Amino acid sequence: MKLLRFLIIAVFLSFSSSATAQQVNDFSFKDINGKQHRFSDYRGQWVIVNYWSTYCGPCIQELPALKRIAAQYRGKVTVLGMDAGETANNEMKQFIRQRGINYTVVPTQDSSMFALGLIYGVPTTFIVSPQGKIVDTHMGAITVQQMQRYVGQPARRSNPQHRAGAACDSGTRVC
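In mature numbering (1 follows the signal peptide of the UniProt record, and there is no 0), the protein residues as written are -21 to -1, 1 to 154.
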């Protein structure tokens, strides 16, 4: 009976804690050009933190959506492209130029790699509210429409459920 009661309480606590938005702890990082940033610098605007790599097909497929959101909502939304593939800076800079990336790209570094939570594969995107809370985590390629559900409207209730896709090597959504 005690075991059953313990399991019920544990399940309840796990669901209730995942139903509330998680506050992002402040952290610092350097962008691809060596400029120092603090996550708290973006308080007051939406932040889309996209963990990706240059060798991931779904990551490359979602670049136009991220670029569109960065351009369309400039001043209201910050997009941060967090490299999870340990790409060399010179290769990354060339990739940014070739792809016309118009948002901040952050090379792989300890301070940013797991700052928002565990990354089970790329691409993984965290949507952070203007108040600094993670309101959604999306695993797999993300679309403009999915991001607009948050950034195109006033802050909404949290929905931190992960939406996992299939493995990258099968040519689908997640690497």
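Glycine included, every Cβ here is placed at the ideal spot set by N, Cα and C.
Quick caveat: nothing in here was measured; it's all calculated off a predicted structure.
Judged by DSSP in its simplified three-state form, GLY23 adopts coil rather than helix or strand.
For GLY23, the closest of GLN110, MET126, VAL114 by C-alpha to C-alpha distance is GLN110. Per the coordinates, the alpha-carbon of THR33 lies some 21 Å from the alpha-carbon of ALA50.
Here the alpha carbon of GLY79 sits roughly 30 Å from the alpha carbon of ASN4.
Within its own chain, the residues whose Cβ lies closer than 7 Å to the Cβ of GLN125, once the five positions on either side in sequence are excluded, are HIS117, listed in chain order. The region 71 to 89 makes contact with the region 36 to 55, as at least three CB pairs between them are under 8 Å.
LEU59 and HIS16 have their C-alpha atoms roughly 11 Å apart. Leaving aside the five residues that flank TYR30 on each side, the residues in its chain whose CB is nearer than 7 Å to its CB run, in chain order, MET61, ALA63, ILE98, VAL101, PRO102, THR103. DSSP lists no bridge partner for ASN69. For VAL123, the secondary structure class from DSSP, reduced to helix, strand or coil, is helix. Ranking ILE27, ILE121, ASP89 by CA distance to the CA of THR57 puts ILE27 first. The beta-carbon distance between TRP25 and LYS55, rounded to whole angstroms, is 6 Å. This is short enough to meet the 8 Å contact definition. SER108 carries a coil assignment under DSSP once its states are collapsed to helix, strand and coil. In this structure, the CA atom of SER91 is about 11 Å from the CA atom of ASP10.
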